[in-house]
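So this note's numbering is basically just the index in the sequence shown, starting at one, shifted up by 15.
Note sheet for the following structure.
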Amino acid sequence: MGRRRICRAWALACLLAVAPGVAGAGEVGVTATVEPGVGVVGRGLTLRVTVPGRDTATIDVPDMADWTVIPRGRALGARGEDGEPVSAYRFELVPRRAGTLAVPALTVETGGARTRTPPLAVRVRPRPEPPAALAGQDVFLDATVSEESPYVGQAFVYTVRLYRAVPAAGVSLPPPAFGGCVADPLPGQRVGEARAGGKAYVTAEVDYLLAPLRAGTLAIAPPGARIRGLGKASGETVLAGPQRTVAVRPLPPYAGAAPFTGLVGRVALQSRLAADAGSGEAVDEWTLSGRGNRDAAAPPALSLPPGLAARALPGESAVQPTLAGSEGERIFRYALTAATPGTYTLPAVSLAVFDPEEGRYVTVEAPPRAFVAAPQGAPAPVAPPLTSVSSGQGAALDWTAWADSLPWRVALGILPPLLFALTFLPRRRRRLARATQAQAPAAVAEALRRALRAAGDPSRAPWPEAGAALARLDRLLYSGEEWDAAALDAARDQGLAVLRRLAP
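Here it is in structure tokens:
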């Protein structure tokens with residue numbers, strides 16, 4: 016086992032030494048993002064400013080007439096394969112009007128350096144108006160869609176909204192039957208207020224992200240609602256909402272040179288070469304990021320030069336549904352093996368993507384790269400036999416005398432534990448550091464958030480406990496209120512206990 020580990024480490028060292036194409040990712044500076052990329056008037060979005068390092072930064076947020084800006088605190092975390100420490104500053108942006116709203120450049124000062132983030136643009140939809148049929152009703156169930164005529168594969172939001180002007184003990188909005196489309200529930204059931212016909216209503220609404228699979232008429236089944244203790248009623252009241260239909264448009268004919276595999280949205284393509292520490296091979300990694308139906312995308316077709324072979328490796332998918340569509344990234348990986356040492360040029364890879372907002376095909380491309388295959392490591396030189404010179408003669412060293420000596424035996428006894436300590440104790444410290452970092456409060460909160468998004472029935476145990484633990488962590492991390500380390504540690508421990516119960 017030791018010999019195989021040493022050989023792999025030696026091969027990897029040779030690969031890194033002579034292969035400039037296999038390099039780590041470049042340094043990432045200050046970034047600013049708004050999530051999700053599409054909003055609704057009066058509903059908050061998150062502006063996240065990520066700053067390298069753990070030093071406190073000063074962020075100059077200018078006055079924005081179109082937004083109400085609410086600071087939500089700072090969280091410490093890490094990013095990248097090397098675990099670069101970063102500070103994430105969060106602001107809640109509440110849009111005041113509909114349209115394409117600008118988020119101006121922000122000035123960030125940290126460590127004596129000043130940086131400006133690029134300006135951002137966010138599409139904001141108007142607040143939904145109460146339906147005309149609501150007039151005179153004490154309780155009413157409605158359903159709306161954000162797009163009346165989407166393209167095949169274009170995501171749109173389907174919203175179920177319950178209006179009631181009388182009290183209720185409990186409200187349940189089960190998902191309707193979705194057919195002919197990919198349906199993803201958006202997290203959370205929101206509660207709000209509305210006025211219509213001189214009446215004040217309490218609203219409860221849930222959203223679903225739908226992506227049609229084929230052109231034609233898509234009929235969405237009527238939604239339902241179950242209400243306990245509505246007004247003076249003691250039992251359960253069942254309501255049915257309207258059926259909605261959308262006219263799904265086919266994608267226009269495509270005649271471009273880049274391959275089109277069905278990608279719809281706004282997507283970027285990136286590639287890099289990395290070293291696989293487990294095998295010493297080079298790994299070709301392709302990342303599709305942005306907004307669109309990346310889960311339906313086929314892996315990029317590789318065009319390899321002669322003498323270079325590739326095999327598919329497990330990839331990753333980190334995509335979540337939002338009001339703007341499915342956002343995140345999908346990663347494809349291939350292991351590259353060269354038949355002979357030398358320099359191989361990996362050609363550029365292009366993909367066609369249909370942009371439904373512009374109604375046309377666009378091409379995303381990753382540039383060509385050079386891959387340098389290292390020669391097999393030459394065997395280590397063999398040292399000449401040890402000799403001792405005695406009385407002018409080159410007599411062979413007497414190993415028997417050494418082996419029988421007490422100092423030599425002591426040295427041989429100490430050597431194995433010393434080698435073990437030098438080899439494995441640093442690894443253990445690194446593993447402990449990674450484990451501590453993985454259990455940071457912000458990481459526990461994100462793990463709970465992912466688990467809740469994937470929950471089948473959030474009302475069943477232990478999901479309510481997970482929601483309570485997440486709310487406690489979010490309040491301590493992002494509300495901006497004062498907190499002490501003991502309270503944050505207790506909230507983290509509560510979240511970890513819930514996660515352990517959720518683990519399969």
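Glycine included, each C-beta is placed from N, C-alpha and C at the ideal position.
Is it buried or exposed for residue i, if we count other Cβ within 10 angstroms and need 16 for buried?
i, result
"Val-221", "buried"
"Gln-258", "exposed"
"Pro-191", "buried"
"Gly-213", "exposed"
"Val-459", "buried"
"Glu-373", "exposed"
"Leu-412", "Legend: pLDDT at Leu-412 = 42, less than 50; position of this residue unreliable, value from coordinates given subsequently. With fewer than 16 other Cβ atoms within 10 Å, it is exposed."
"Ala-506", "buried"
"Arg-105", "buried"
"Tyr-269", "exposed"
"Glu-296", "buried"
"Arg-516", "exposed"
"Asp-75", "exposed"
"Ile-235", "buried"
"Arg-205", "exposed"
"Gly-409", "Note that Gly-409 has pLDDT 40, beneath the 50 cutoff, so the model's placement of it is unreliable and the number below is only indicative. It is exposed - the Cβ of Gly-409 has fewer than 16 other Cβ atoms within 10 Å."
"Thr-73", "exposed"
"Leu-27", "Any answer about Leu-27 is weak, because its pLDDT of 32 lies below 50 and its placement is not dependable; what the coordinates show is given next. Buried, because 16 or more other Cβ atoms sit within 10 Å of the Cβ of Leu-27."
"Gly-246", "exposed"
"Pro-265", "exposed"
"Ile-429", "exposed"
"Asp-489", "buried"
"Val-263", "buried"
"Thr-115", "exposed"
"Asp-199", "buried"
"Arg-112", "exposed"
"Ala-501", "exposed"
"Arg-309", "buried"
"Gly-510", "buried"
"Gly-207", "exposed"
"Ala-512", "exposed"
"Thr-83", "exposed"
"Asp-504", "exposed"
"Asp-78", "exposed"
"Val-139", "buried"
Would you please state the rounded distance, in angstroms, between the beta carbons of residue i and residue j? I believe it to be under 8 angstroms.
i, j, result
"Gly-195", "Leu-228", "6 angstroms"
"Tyr-376", "Ala-367", "5 angstroms"
"Leu-233", "Val-261", "5 angstroms"
"Pro-382", "Ala-353", "21 angstroms between Cβ atoms; not a contact."
"Ala-215", "Ala-180", "7 angstroms"
"Val-64", "Val-101", "Not quite, the Cβ-Cβ distance comes to about 10 angstroms (not below 8 angstroms), so this is no contact."
"Ala-15", "Gly-231", "Lying outside 16 to 519, the shown extent of the chain, residue 15 is not represented and no answer is given."
"Leu-303", "Val-282", "6 angstroms"
Would you kindly report the start and end of the unbroken beta strand (DSSP E) that includes residue i?
i, result
"Leu-62", "60-67"
"Lys-247", "Here Lys-247 belongs to no beta strand (DSSP E), and DSSP marks it neither H nor E."
"Arg-111", "Premise fails: Arg-111 is in no beta strand (DSSP E) and is neither H nor E."
"Glu-50", "46-50"
"Val-368", "364-370"
"Gln-335", "323-337"
"Ser-341", "340-353"
"Glu-300", "297-307"
"Asp-222", "214-227"
"Phe-171", "171-179"
"Gly-357", "357-361"
"Leu-135", "135-140"
"Val-261", "259-263"
"Thr-125", "122-125"
"Thr-73", "73-75"
"Leu-233", "231-235"
"Thr-130", "128-131"
"Ser-187", "185-187"
"Tyr-376", "375-381"
"Val-160", "154-160"
Is the stretch 157-164 in contact with the stretch 123-134, if contact means three or more CB pairs nearer than 8 angstroms?
no
Using 8 angstroms as the Cβ pair cut-off and three pairs as the minimum, do the stretch 269-276 and the stretch 175-184 touch?
no
Contact between the stretch 42-56 and the stretch 339-346: three or more CB pairs below 8 angstroms?
yes
Pair every Cβ in the stretch 461-468 with every Cβ in the stretch 481-489, then say whether three or more of these pairs are closer than 8 angstroms.
yes
Touching by the beta-carbon criterion (3+ pairs, under 8 angstroms), the stretch 179-187 and the stretch 120-130
no
Does the stretch 75-88 come within contact of the stretch 106-116, defined as at least 3 CB pairs closer than 8 angstroms?
yes
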